[in-house]
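Just add 15 to the spot in the sequence shown (first one is 1) and you have the working numbering. Every residue gets a Cβ at the ideal spot worked out from N, C-alpha and C, and that includes glycine. No experiment lies behind these values; they were computed from the predicted model shown. Take a look at the structure below.
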Amino acid sequence: QSERALDLLDRAMGMGGPSRDLIMERAMRRFRIGRTEAAIEDFEALARRDPHFLPAHFNLGVTLGAAGHYHEAAASFGRVLEIDPDHARALFHLALAQRAAGLTGMARSQCERLGRLDPGLAVELRSFLGF
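What follows is the structure, given as structure tokens:
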């Protein structure tokens, strides 16, 4: 069914143009079925199209992280935090990406910042990071 849904999304975009909602839906579906590079392309297109569209940057970060592009993922989560400095989940994922990229000191700093913003989520992050 995923293939059919992707085909329908592509057809809809061909008929009415690539709207933000259609691109987002296609990117999410691509990510869910393991088409990570294609999902990255869609999320990057959304982020370029609307630089303040927070979900594009957040989901781009998640997808880049899943693909092992940790520095780029960290940059995407950093962009989310530029848009919304109190976005706790972005801070959480930023720390994970930084740790995976070998930036342990920076990850620790994000964890401390998260502790002030959302103590419960910081406890969860510490368990992932081993701090």
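Next on the checklist: Once DSSP output is grouped into helix, strand and coil, what is the label at I38?
Outcome noted: Working through the sequence shown from its first residue, we reach residue 38 at position 23. In this structure, I38 counts as helix in the three-state DSSP scheme.
Checklist entry - When you compare each of L69, R45 and H102 to A82 by their alpha carbons, which one comes out closest? => result Numbered from its first residue, the sequence shown carries residue 82 at position 67. Looking at the Cα atoms, R45 is the closest of the given residues.
Next on the checklist: For a minimum of 4 consecutive residues, which ranges assigned as the alpha helix (DSSP H) are wholly contained in the stretch 82-121?
Outcome noted: 85-98 and 103-115
Item to check | Selection from R141, D101, F107 and R131 that minimises the alpha carbon distance to G76 | outcome: As a position in the sequence shown, residue 76 is number 61, starting the count at 1. Among R141, D101, F107 and R131, the Cα nearest to that of G76 is on F107.
Item to check | Rounded separation between L118 and M30 - CA only | outcome: For the purposes of this step, residue 118 is identified with residue 103 of the sequence shown, where counting begins at 1. For the purposes of this step, residue 30 is identified with residue 15 of the sequence shown, where counting begins at 1. Computed Cα separation, rounded: 45 Å.
Checklist entry - Which of the three DSSP states, helix, strand or coil, is assigned to Q125? => result Sequence index remark: in the sequence shown, residue 125 carries index 110 (1-based). Here Q125 sits in helix by DSSP.
Checklist entry - Is the distance from the Cβ of G130 to the Cβ of L109 below 8 Å? => result Taking the sequence shown and counting its residues from 1, one reaches residue 130 at position 115. Taking the sequence shown and counting its residues from 1, one reaches residue 109 at position 94. No, the pair does not count as a contact, with Cβ atoms beyond the cut-off.
Checklist entry - In the structure shown, what three-state DSSP assignment does P66 receive? => result Translated into positions along the sequence shown, residue 66 becomes position 51. Of the three classes helix, strand and coil, the one that applies to P66 here is coil, per DSSP.
Checklist entry - Should A103 and L69 be called a contact, given that it needs their Cβ atoms to be closer than 8 Å? => result Translated into positions along the sequence shown, residue 103 becomes position 88. Translated into positions along the sequence shown, residue 69 becomes position 54. No; because the gap between Cβ atoms is not below 8 Å, this pair is not in contact.
Next on the checklist: Can you give me the C-alpha to C-alpha distance between D22 and R41, rounded to a whole angstrom?
Outcome noted: On the sequence shown, position 7 is the one that residue 22 refers to. On the sequence shown, position 26 is the one that residue 41 refers to. Whole-angstrom Cα-Cα distance: 9 Å.
Next on the checklist: Counting C-beta neighbours from all protein chains within 10 Å, is the total for S34 16 or more, i.e. buried, or is it exposed?
Outcome noted: Taking the sequence shown and counting its residues from 1, the one referred to as residue 34 is at position 19. By the 10 Å Cβ count, S34 comes out exposed.
Checklist entry - Closest to D57 by CA distance: which of I98, H67, M43 and R47 is it? => result The sequence position of residue 57 within the sequence shown is 42, counting from 1. Minimum Cα distance to D57 is reached at M43.
Checklist entry - Which of helix, strand or coil does DSSP assign to D57? => result Residue 57 sits at position 42 when you count from the first residue of the sequence shown. Helix.
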